[in-house]
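*Asks:*
2 protein chains.
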Amino acid sequence: MSVVDAAASVFCREGYAGANIDLIAAEAGVSRQTVYNHHGDKEKLFVAVVRDLTERCNAGIFATIATFPDQPADLEADLVAFAVRMNRNCICNRDGRFLRKLIQAEGERYPELFAEWREQGPGRTWSALAARFARLAFAGHLSIGDPDVAARQFFALVNAELQITFMLGGVPAEEEVLRSASNGVRTFLSAFAKKKSPAGKQAMLVHA
Amino acid sequence: MSVVDAAASVFCREGYAGANIDLIAAEAGVSRQTVYNHHGDKEKLFVAVVRDLTERCNAGIFATIATFPDQPADLEADLVAFAVRMNRNCICNRDGRFLRKLIQAEGERYPELFAEWREQGPGRTWSALAARFARLAFAGHLSIGDPDVAARQFFALVNAELQITFMLGGVPAEEEVLRSASNGVRTFLSAFAKKKSPAGKQAMLVHA
DNA sequence: ACAAATTTAGACAGTCTTGTCCAATTCGTC
DNA sequence: GACGAATTGGACAAGACTGTCTAAATTTGT
Chain P
1 MSVVDAAASV FCREGYAGAN IDLIAAEAGV SRQTVYNHHG DKEKLFVAVV RDLTERCNAG
61 IFATIATFPD QPADLEADLV AFAVRMNRNC ICNRDGRFLR KLIQAEGERY PELFAEWREQ
121 GPGRTWSALA ARFARLAFAG HLSIGDPDVA ARQFFALVNA ELQITFMLGG VPAEEEVLRS
181 ASNGVRTFLS AFAKKKSPAG KQAMLVHA
Chain B
1 MSVVDAAASV FCREGYAGAN IDLIAAEAGV SRQTVYNHHG DKEKLFVAVV RDLTERCNAG
61 IFATIATFPD QPADLEADLV AFAVRMNRNC ICNRDGRFLR KLIQAEGERY PELFAEWREQ
121 GPGRTWSALA ARFARLAFAG HLSIGDPDVA ARQFFALVNA ELQITFMLGG VPAEEEVLRS
181 ASNGVRTFLS AFAKKKSPAG KQAMLVHA
């Protein structure tokens, strides 16, 4: 395991103040001196950890958004599958859990660092996701007022039942993720499903 | 400020490991020795802080749930007002923010303590809230499948736009809270509003 | 006003951590 | 195999923190 990875693990488990460099070095399988050679001091190492996690998480999120169902065969099933993918690959995986915890625990102590995360991360991923929902709406699959609001509500709904597990740093079981996503998507579609008014146009666009 | 209140503040700001007793004593306006006389050691003090916050937060949440609109004059407006009350009095206030942060940061280190919180807190408040939604549905105001799911989704929706602010430990502005609640309730009612099939019964029950 | 209880300031030992220095060893590359 | 670069282990000083102790000061109840 690389030094940065080991540091991420220890910073998350022990907090910034509680993390000690000896433990990080041991977990990385290198000597303490090597840690200092590579990263200067504890604070620089921490910054490197957050930047690394941010980058990897963003890459994962964008890759997953690329799998958003633009031409859904079965809209409900496709959205559930998308939500589960997002959870598994971005939210519940190692990087996602670590980054979330570091933001929550140390965000206030490093305003500029986490402002950077906010721009690079949520600032970009939310609009990308909103754009996909806007496209679904434009194609006649959904009836959406504000795509940004819809994207945030989609996310909130499919994670609604996992909040407490996330709070305690746990990893929800596969079936919990699926259940939360299924319930969330059902409610989401109840609220945003295309009204059946111009049924012909809807059916046409579905198969366009 | 009491010792426990000062300790809550410092534990939240600095993390458990980073919190030092001198600072807590200074913030509480007492000597360090008094802190030790009252609470034994750092770990006992931390446990006292979490129990205190849990108790106060639960009291606030139950008090707010008691204001749930059972006989709504204007269902949408009443639910928005309820959500705003819940946010202001339980989620965004000092105790709520502190307890959330301590759970996120130290939950894994004290499994039994936070298991206790989970039983006393979410375990009871969620069913209380679900019961109120079940009552609304029974009275014909909503069309709900599973009240527990609906309660969690309601909560998720009205907080959907505040997640990032919460993550960074900030306090959303009053207008943000209102906007998130309004958007959330609108979507919630789009999904769960009573279908207009037995309109007579619905109207009758509304004024019963 | 007096006695008991509590609080206070300060000193203290013991432990831990950070970050540096250095000599010896290992590694990568030619 | 040889040479330069990187890594290692260990020692080290400086500082911080916890938890204890004690004697003096202050508050409290009566």
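Chains P and B, in that order, are what the protein sequence lines are.
Following this note's numbering, the numbering of the first sequence begins with 1 at its first residue and continues without gaps.
Following this note's numbering, the numbering of the second sequence begins with 1 at its first residue and continues without gaps.
Glycine included, C-beta positions come from ideal geometry on N, C-alpha and C.
I'd like the list of long-range same chain contacts for ASP95 (chain P), defined as Cβ closer than 6 Å, with 5 residues on each side in sequence excluded.
*Replies:* Cβ neighbours of ASP95 (chain P) beyond the five flanking positions: LEU53, ARG56 and CYS57.
*Asks:* Using a Cβ-Cβ distance under 8 Å, would VAL149 (chain B) count as near chain P?
*Replies:* With 8 Å as the cut-off, VAL149 (chain B) counts as an interface residue toward chain P.
*Asks:* Is the separation between the beta-carbon of PHE133 (chain B) and that of ALA160 (chain B) shorter than 8 Å?
*Replies:* No, they are not a contact pair.
*Asks:* Would you list, in sequence order, the uninterrupted beta strand (DSSP E) runs of no fewer than 3 residues that lie entirely inside the stretch 130–197 of chain P?
*Replies:* Taking only runs of at least 3 residues, no beta strand (DSSP E) segment lies wholly in the stretch 130–197 of chain P.
*Asks:* For a contact meaning CB atoms closer than 7 Å, what does LYS194 (chain P) contact in chain B?
*Replies:* Result: empty, since nearest Cβ-Cβ is about 13 Å, beyond 7 Å.
*Asks:* Can you tell me whether DSSP reads ASN37 (chain B) as helix, strand or coil?
*Replies:* Helix at ASN37 (chain B).
*Asks:* Roughly how many angstroms separate the alpha carbons of SER31 (chain P) and TYR110 (chain B), rounded to a whole number?
*Replies:* Going by the C-alpha atoms only, they are around 30 Å apart.
*Asks:* Between which residues of its own chain and ALA7 (chain B) is the CB-CB distance below 6 Å, once the five residues before and five after are set aside?
*Replies:* The answer, listed in chain order, is ILE24, LEU45 and VAL49.
*Asks:* Leaving out five residues on either side along the sequence, give the residues of the same chain with a beta carbon under 7 Å from the beta carbon of SER180 (chain B).
*Replies:* If we look at SER180 (chain B) and ignore the five residues flanking it on each side, its Cβ neighbours are VAL158, ASN159, ALA160, GLU161 and LEU162.
*Asks:* Do LYS194 (chain P) and GLY107 (chain P) have their CB atoms nearer than 8 Å?
*Replies:* Not a contact, by the Cβ cut-off of 8 Å.
*Asks:* Hey, GLY15 (chain B) and ALA17 (chain P): beta-carbon distance below 8 Å or not?
*Replies:* In this structure, ALA17 (chain P) lies closer than 8 Å to GLY15 (chain B) by Cβ.
*Asks:* Give me the residue from P:ALA191, P:ILE164, P:THR187 and P:LEU129 with the minimum Cα distance to ASP70 (chain P).
*Replies:* Nearest C-alpha to ASP70 (chain P): P:LEU129.
*Asks:* Tell me, to the nearest whole angstrom, how far the beta carbon of CYS12 (chain B) is from that of PHE98 (chain B); I am working on the premise that it is less than 8 Å.
*Replies:* Indeed they touch by this definition, with Cβ atoms about 5 Å apart.
*Asks:* Nearest chain P C-beta to GLN153 (chain B) closer than 8 Å, yes or no?
*Replies:* Answer yes: the Cβ-Cβ gap between GLN153 (chain B) and chain P drops below 8 Å somewhere.
*Asks:* Quick one: does GLY18 (chain B) have its CB under 8 Å from some CB of chain P?
*Replies:* It does; some Cβ of chain P falls within 8 Å.
*Asks:* Buried or exposed: which applies to GLY145 (chain P), given that a residue is buried once 16 or more other Cβ atoms fall within 10 Å of its Cβ?
*Replies:* So GLY145 (chain P) ends up on the exposed side.
*Asks:* Please tell me whether THR165 (chain B) has its Cβ less than 8 Å away from any Cβ of chain P.
*Replies:* Not closer than 8 Å to any Cβ of chain P, the Cβ of THR165 (chain B) fails to qualify, so no.
*Asks:* DSSP three-state call for GLN71 (chain B): helix, strand or coil?
*Replies:* If DSSP states are grouped into helix, strand and coil, GLN71 (chain B) belongs with coil.
*Asks:* Does PHE138 (chain B) pass the burial test, meaning 16 or more other C-beta atoms within 10 Å, or should it be called exposed?
*Replies:* Exposed is the call here.
*Asks:* Using a C-beta to C-beta distance shorter than 8 Å, which residues of chain B count as neighbours of GLU161 (chain P)?
*Replies:* Here the neighbours are VAL149 and ARG152.
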